[in-house]
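Participant:
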Amino acid sequence: MPLLGTRASFWTAGAVVALALWTSACPTMTYPLYQAEWGVSTTTVAWIFAAYPITLIPVLIVFGDLSDHIGRRASILIGLAAELIGALLFAIAGDVLWLLVGRAFMGIGVGLSISPANVAMVEFSAPGQEKRAGAISTAISALGIGLAMVLGGALTQYAPFPLHLDFFVLAAAIAAAAYLVLCMPRHTPDETREPWRIRTIVIPRGSRVVFVAGSIAFASSFLLGAIVLPLGAKIAQQLAGSTNALVTGALLSVFAACITLFALVARRIHVWLLVVLGAVGSLAAVWLFVVTGLVHSLALFFIASAVAGAAYAFDFAGGLTVFSRYAAPHHRASMVSGGYLIGYIAQGVGAPALGAVVTAHGLMPGLLTGATAFGAFFVVVLIGGLTVLAPLHRRDRHAAPRTTAATQEAASASEAEVGS
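Each residue of the sequence shown is one higher than the one before, counting from 1 in the UniProt record's numbering.
#1: So Ile259 is in the alpha helix (DSSP H); what residue range does that whole segment cover?
#2: If we call anything under 8 angstroms between Cβ atoms a contact, is Arg132 one with Arg267?
#3: Can you tell me whether His331 is buried or exposed? The criterion is at least 16 other CB atoms within 10 Å of its CB, across all chains shown.
#4: Do Ala311 and Ala285 have their C-beta atoms within less than 8 angstroms of each other?
#5: Residues in the same chain with beta-carbon distance under 6 angstroms from Asp166, minus the five sequence neighbours each way, listed in chain order, please.
#6: Taking the alpha helix (DSSP H) that Met121 falls in, what are its first and last residues?
#7: Starting from Pro58 and walking both ways along the alpha helix (DSSP H), at which residues does that stretch end?
#8: Quick one: give me the first and last residue of the alpha helix (DSSP H) that Phe289 is part of.
#9: Report all residues from its chain with a CB closer than 7 angstroms to the CB of Cys183; omit the five preceding and five following residues, and keep chain order.
#10: For the segment 102-117 against the segment 54-70, do three or more pairs of beta-carbon atoms, one drawn from each stretch, fall closer than 8 angstroms, so that the two count as touching?
#11: Could you tell me if Tyr179 is buried or exposed, where buried requires 16 or more neighbouring beta carbons within 10 angstroms of its beta carbon?
#12: How would you call Phe161, buried or exposed, if buried means at least 16 neighbouring beta carbons within 10 angstroms?
#13: Let me confirm a value: Ile76 is counted as buried when at least 16 other C-beta atoms fall within 10 Å, else exposed. Which label applies?
#14: Report buried or exposed for Gly111, applying the criterion of at least 16 other Cβ atoms within 10 angstroms of its Cβ.
#15: Considering only the alpha carbon of each residue, which of Trp47, Ser24, Trp11 and Lys234 lies closest to Ser125?
#16: Considering only residues of the same chain and omitting the five flanking positions on each side of Gly14, which have a CB-CB separation below 8 angstroms?
#17: So Ile203 packs on Phe289, CB below 8 angstroms; how close in whole Å?
#18: I'd like to check one pair, Gly385 with Ala217: are the Cβ atoms closer than 8 angstroms?
#19: Return no unless some Cβ of chain B is closer than 8 angstroms to the Cβ of Leu283.
#20: For Ser337 and Leu231, I'd like the C-alpha separation in whole angstroms.
#21: Is the CB-CB distance between Ala91 and Thr23 below 8 angstroms?
#22: Taking 8 angstroms as the cut-off, decide whether the C-beta atoms of residue 438 and Gly370 are in contact.
#23: Using CA coordinates, which residue listed in Trp47, Ala8, Glu83 and Gln238 is at the minimum distance from Leu97?
#24: Whole angstroms is fine: what's the gap from Leu246's alpha carbon to Asp315's?
#25: Using three-state DSSP, classify Thr403 as helix, strand or coil.
#26: Rounding to the nearest angstrom, what Cα-Cα distance links Gly79 and Leu283 in this structure?
#27: Pull up the distance between the alpha-carbon of Ser412 and that of Ala148, whole angstroms please.
#28: Out of Leu229, Val62 and Val275, state which residue places its alpha-carbon closest to the alpha-carbon of Phe378.
#29: So what does DSSP say about Ser305, is it helix, strand or coil?
#30: Which of the three DSSP states is assigned to Ala15 in this structure?
#31: Return helix, strand or coil for residue 442, following the three-state DSSP convention.
#32: Could you tell me the distance, in whole angstroms, from the CA atom of Cys26 to the CA atom of Gly249?
#33: Would the C-beta of Ala236 count as close to the ligand PLP, meaning under 7 angstroms from any of its heavy atoms?
#34: Going by the beta-carbon positions, is the gap between Ala233 and Pro32 smaller than 8 angstroms?
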């Protein structure tokens, strides 16, 4: 079996990230069908959605640094196997129990694969291009979400077996990615040589400020997902007036498209500003969804999805950049896993709570409650991000003149050597 080079390994790891988000968002367009054909409630849909982060959380706690010990490739392959089982369970599901078990396997798979895949992208990137890897990872994540929305909408609306076919397609994509991962190098230089043992995620004492800064940014992006992914199609249909699943999927894919666009913009923005813009954008997005329900406008739903996508990009890229820039190489996987842990805890609590309110009081009151609660969290994130990231921001600003001076001295020395 041929071994992939550095560049091909980078993009293979990126494909794993895309598949993780596709797996996460794949049921989005079928949630309304489960309600229509199986008679499940919004609360049940929220629990199906939440089974994913609830299962993923202990995986991150116990196996967060697994890839630091057994290698990125091995950890990714185990994760892809679990994702494949989850997709196939959805593909043949006949009732809610199958969906819950399938979501659990999806959570296990993503928990084992997404952190090492993100770290592999950093390690297979060119020297000094860690921030580029973070931005590309965010954009690729959006591609996975976009595929779930558009492909899911098209297959749900026009293809046979609308409750099943989408997941067979996902399973085929996971199998193809697993073959490519088998061709990646087994180990990278930044992996530790210590044997792995079961233990919780370890955040070194000197890295705790970095961890807080990155994880609160992650939490903001995951809370946005708790609104868009389980309720987005329902909002578009009931409040914005969409009657076509493909149109609904296309509108929701604006969320993913804006993640891609603003992830590229994020490459040129300092991490401190990324977190600020992400928190402000998240606050604006949740209230735009509320206004969408008040005026029943597809155009406003489009704008709300776009703002949510931009905010997600800034939040996620900000968190990943904090980890890749400030964390020690041999602690990166553990730090990224810890960031995902905080994000999924926020999502695992937020989604069922929001679903329960929607079931009890209706979609519009649920949105108002969610916007108020999530908005308060985004304000806290904004204040906390400003406070926690301020020392790192000042350190970067003070280091910049010294770095510039050292670069100029090196350039002068080089010119002197050439001249002699």
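By construction, the Cβ of each residue, glycine as well, lies at the ideal position given by its N, Cα and C atoms.
Please read all numbers here as calculations on a predicted model, not as lab measurements.
Facilitator: Taking the structure as given:
#1: Ala245 to Ala266
#2: yes
#3: Around the Cβ of His331, a 10 Å sphere holds 16 or more other Cβ atoms; the residue is buried.
#4: Yes, these two residues count as a Cβ contact at 8 angstroms.
#5: Gly152 and Leu155
#6: Val96 to Glu123
#7: Thr42 to Phe63
#8: Counting along the chain, the alpha helix (DSSP H) containing Phe289 begins and ends at Val271 to Val295.
#9: Met1, Pro2, Leu3 and Leu4
#10: When C-beta atoms of the segment 102-117 are compared with those of the segment 54-70, three or more pairs fall below 8 angstroms, so the two segments count as touching.
#11: Burial is judged here by how many other beta carbons sit within 10 angstroms of a residue's own beta carbon; Tyr179 has fewer than 16 and is exposed.
#12: exposed
#13: By the 16-neighbour rule on beta-carbons within 10 angstroms, Ile76 is buried.
#14: Buried: at least 16 other Cβ atoms inside 10 Å.
#15: Trp11
#16: Ala117, Met121, Ile136, Ser137 and Ile140
#17: With 8 angstroms as the limit, Ile203 and Phe289 do not qualify as a contact, their Cβ atoms being about 34 angstroms apart.
#18: yes
#19: Looking at the structure shown, chain B is missing, and only one protein chain is on hand.
#20: Ser337 and Leu231 have their C-alpha atoms some 26 angstroms from each other.
#21: no
#22: For residue 438 there is no data in the structure shown, the boundaries of the chain being 1 and 420.
#23: Trp47
#24: 28 angstroms
#25: Residue confidence is low: Thr403 scores 40 on pLDDT, short of 50, so the model does not pin down where it sits. No coordinate-derived value is stated.
#26: Gly79 and Leu283: Cα-Cα distance of roughly 33 angstroms.
#27: Here Ser412 scores only 34 on pLDDT, less than 50, and its place in the model is too uncertain to base an answer on.
#28: Val275
#29: helix
#30: helix
#31: Because the chain in this structure spans residues 1 to 420, residue 442 falls outside the shown range and cannot be described.
#32: 11 angstroms
#33: This structure lacks the ligand PLP, and indeed carries no ligand of any kind.
#34: yes
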